[in-house]
Each structure stands twice: as C-alpha cells, then as structure tokens.
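Residue 17 is where the sequence shown starts when you use this note's numbering, and the numbers rise one by one after that. We put the beta carbon where it would ideally sit given N, CA and C, even for glycine. Worksheet: one structure, shown below.
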Amino acid sequence: MNSNAATENERTYSVATVTRAVVLSQALFTAGNSLTTGGFFNYFVNDLHPGAFLFALVQIAPENSEAMSFFSRWLIVRFYNRKLVWIYGLLLARVVALLIPLAILYPHKSWTGVPMIYILTCTVVWYVCQGAAYLSLISWLSDLVPEQNWGKFFAQRRMAHLAILIIVPISAGMLRKHYLNGFSSSAEHWIYAIIFIVGGLLAIASIIPMLRLPHVSWRQQATARNVSLFKILAENHNLHFLLASRWWLAFFQGFSQIVLLQFSMNVLKVPLETYYIFSALMYLTQILFSWQAGRLSDRSQDRNGLAFGMVLVSLGMLFLFFATTDNHWILAGTYLMWGAFGMVNLCGENLCLKLTPPGDNSAQFSLYHQTSGLIAGGAGLLGGWWLDRLLTSVNPEAPQMPFYVLISIGFLGRITAPLWLIGVKQPQGDR
C-alpha cells in the first residue's frame, strides 16, 4: 500500500462530518429511489399492459431479489473494502436500472411478454446488486461511527430519508395526476422514462458526498477467514430470538398488508389524495419516533424501544374496525400509530448490529433486514389468496366481514411479536 493510501485509511473524521455526508447522500438516494420505485415504477410497467402473472412477478421481484444479496459477506471477505463494494454495487445496480425505460422501444405491442421479461430481468439484477451494496454500506458505517453514537447518527440518517419521502413522492404523485392525464399513452411512456432516468442519476449522485470518507479496515478479517458463518450464527442465541421476533412481525405485516390496501380502496373508498395525506402524516410521525429511538439506542435501550414500537404499530390496526365510508378519516389514527415504525426500524436495526461481531455483520443484518422482506412478500401472497377465497362466499349484508377476519389475525400476530424479545439480552455499553 502506498503512503497516500495509508494516510487516507488512517485519517479520522468527526461524527458530525460523517453525519453531514451520510445525510446528504441519503437525501439524494431517497429522492432518486422514490422516482424509480413505488407508484412511478408501477404506473410505467402497467402502461405496457402486462399480463397479471408477469405483473405479479415484477411486484415481488425487488424483495425476493434483495434477499439473494446474502452473498455480500463473501464480497467483503474477498475484497476487504466495504466502501468499494458499496460504490461498485450501487453503480452496477443503477446502471442496470437505467436500462429499464428501453422497454418502450420494443416494436411489437401485440404481445407484452418480451418487454416484461426484459424489465423483470433488469429488476432482479438491479435489486440483487443494490441489496449487496446496502449491506456493505451499513457494515461500513457501523465501523465508521463509534457504537455509542449509533442512535443519534442512524436516527438523523433515517430522518433525512423520511423527510424526502414526505416531499418527493407525494409532490410527484400530485403532479402526475394533474399534468400527465392529458397526454397520449406514447407521450406518457416517454415522460415516465425521463422521470425514471432522472431518479436513477440522483441515486448515483448519492455516492459523491461519501467519496471523501475513509475506508475502515475490517477488524474481523481473521474471524471471517477461519470461522464459518454458520458457526457464528449458531452460537448467537440473542440474535436467534431477535430474528424470530422480526420474522414473526414481518409475516403478519405482509399477511395483512394486501388486506389493508383492499379494505381502504374498495370498502372505505379512500381517495388517492387522502392516502397521500395519511402517508405524509405517518412519515412525519416516524421522524419524531426515529429521533426518540436514537436517544433510547444511545442509552442501550434498543430492546425496550423495539418492543414498545411493536405494540404501538399493532394497536394502530384497531382503528380499522371503526372506520366506515363516511368517516374514513378515523384511519388517521392508524397512520399516526404506524409512525412508531420509526422506532421499530431504528431500534431493531441498531440492536441487530450490537448483537453481531464488529465489522463482520453484513450477513446477520441481511437475515434481519432483507430476509424479513422475503417473508413478508410470501405472507402477502397467502393473505391475498385467503381474501379472495373469503370474498367468494361473503354475506352481502356484511361485505366487510372477510376483511375484519384477516385484520384480526394480522393484529394478533403483530401484537405477539414482542414476546420473542424476552429471550434477547440487551448489550450494555460500547464494545
């Protein structure tokens, strides 16, 4: 290693300097990501008139593909440099994502299978690479910032993410509703393509603020080489209970998610504009909960904060039983309580990092963060299938009853998730 590289690696940065760079990077990435996922991505794909099966595959591809990024630990062991793994993984992911708008150039519109298979392939590669990049980023940041500062640091990063989610997707959604409806289908395709490309470039630009931050030597290189990952996981009983709680919650969240959406749109008739308001309310409340969660985390209260947050988000489902078409505003209570996801996410992720070896935590974090998404996706398919079965034999005098049945199951599953945390011992102090 030359002297310049050694100086760069040994250079220390204050937590405040790292925080400013990470917050700016997160804001750029979230702004770009919100323009390439969610509503804009779904509208772009839907305008190609895909078949139901291919459209469903595209919908579940992101979470399922991210779960495959478990291999990022192998990349870190091989290259040692988590900063470079993050940069190259994110660049590759976003370059592949920028290829998706080329689907509109396919000349034969009589069968949409070819462009949809093309979009599906790009989406899988995109999220596998982005998932690996994200795991490397979190592992890198957990070494770049001292453990006693994780709470405030990750809280500010998440608050930047939530603030952008309030502004960009909601504003873009409103603009789409008012300005894109008058265009022809072909023009709309090109407008979506332009928005998609702008979003991708913003996501790539999120790398720039992080370039000056140093690569941190991986403290667990010897462990990673000499001890198998399965042995590390098998001996971590605290992590077992944390994963059980996380996966239990993910299953019942995913199980009831499609039910909640169908109930809001088809039974309560919640307008799109009201949905945007509810979402903004939830994100705003999540900012407040994230800040409080950061303070709890820095006082080694992650487990208590996680359990408390889980209870609050579960109780939010009770408002659904009192909402009707004429007073769907009661759902505001649900979204206010779901603001506690800010505490669930921050305390849970920090607790996961604290229960893993310093530096060698990408695989464990993948099991906690990304495998739960895979479980939620599978549970969502189960919930949707069960709802369809119940709706075929619904009593016309009580059309909401199938929804109440599945919402009740989802509530019971969510409210019992904190019980698994009894087996988790909260780490105390900085390791």
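Leu107 and Ile220 have their C-alpha atoms some 6 Å from each other. A straight-line Cα-Cα distance of about 7 Å links Tyr134 and Ala119.
In this structure, DSSP gives Asn366 a helical state, which the three-state scheme calls helix. Burial is judged here by how many other beta carbons sit within 10 angstroms of a residue's own beta carbon; Glu251 has fewer than 16 and is exposed. In this structure, the straight-line span from the alpha carbon of Ala296 to that of Ile210 is close to 25 Å.
One thing to note: Leu259 has its Cβ within 8 Å of the Cβ of Tyr384. As the crow flies, the alpha-carbon of Gly105 is around 39 Å from that of Pro287.
Cβ neighbours of Val74 within its own chain (closer than 8 Å, five residues either side excluded): Val61, Pro66, Met132, Ile135, Leu136, Thr139. In its chain, beyond the 5 residues on either side, Val101 have a beta carbon closer than 8 Å to the beta carbon of Phe95. Note that the C-beta distance between Phe357 and Gln302 is below 8 Å. In the three-state DSSP reduction, Tyr96 falls in the coil class, being neither helix nor strand.
In the structure shown, the three-state DSSP call for Lys285 is coil.
Distance from the Cα of Val111 is smallest, within the candidate group Glu163, Leu160, Ala32, Leu218, for Leu218. According to the DSSP assignment, Arg430 belongs to the alpha helix (DSSP H) that extends over 417–431. Listed in chain order, the alpha helix (DSSP H) runs fully inside the region 279–325 are 288–314, counting runs of at least 4 residues. Ranked by how close their Cα comes to the Cα of Ala266, the residues Gly389, Asn254, Gln164, Pro162 have Gly389 in first place.
In the three-state DSSP reduction, Ala339 falls in the coil class, being neither helix nor strand. Around the beta carbon of Asn366, a 10 Å sphere encloses 16 or more other beta carbons of the protein chains shown; the residue is thus reported as buried.
Taking C-beta atoms as the reference points, Ser81 and Gly147 count as a pair closer than 8 Å. With distances taken between CA atoms, Arg173 lies nearest to Asn361 out of Asn361, Leu397, Ile92.
For the options Leu277, Gly321, Val440, the alpha carbon positioned closest to that of Gly399 is the one of Leu277. Per DSSP, Thr372 is not a residue of any alpha helix (DSSP H), being assigned neither H nor E.
When DSSP states are grouped into helix, strand and coil, Ile211 belongs to the helix group.
When DSSP states are grouped into helix, strand and coil, Lys441 belongs to the coil group.
DSSP places Leu435 in no alpha helix (DSSP H); its state is neither H nor E. With respect to Ala37, Ala176 sits apart: the two C-beta atoms are not nearer than 8 Å. Secondary structure note for His344: it is in no alpha helix (DSSP H), with a DSSP letter that is neither H nor E.
Excluding the 5 residues flanking it on each side, Cys145 has same chain C-beta neighbours closer than 6 Å at Gly105, Leu108, Ala109, in chain order.
The alpha-carbon separation between Leu407 and Ala414 amounts to approximately 11 Å. The three-state secondary structure of Arg89, taken from DSSP, is helix. Rounded to the nearest whole angstrom, the CA to CA distance from Leu397 to Trp263 is 16 Å.
In this structure, the beta-carbon distance from Leu328 to Met353 falls below 8 Å. Within the same chain, and ignoring the five residues on either side of Ala77 in sequence, the residues whose Cβ sits closer than 8 Å to its Cβ are Leu136, Thr139, Val140, Tyr143. Using a Cβ distance threshold of 8 Å, Gln442 and Asp318 count as a contacting pair.
Between the C-alpha atoms of Thr340 and Met326 there is a straight-line separation of about 26 Å. The beta-carbon separation of Arg89 and Ala379, rounded to 4 Å, stays under the 8 Å limit for a contact.
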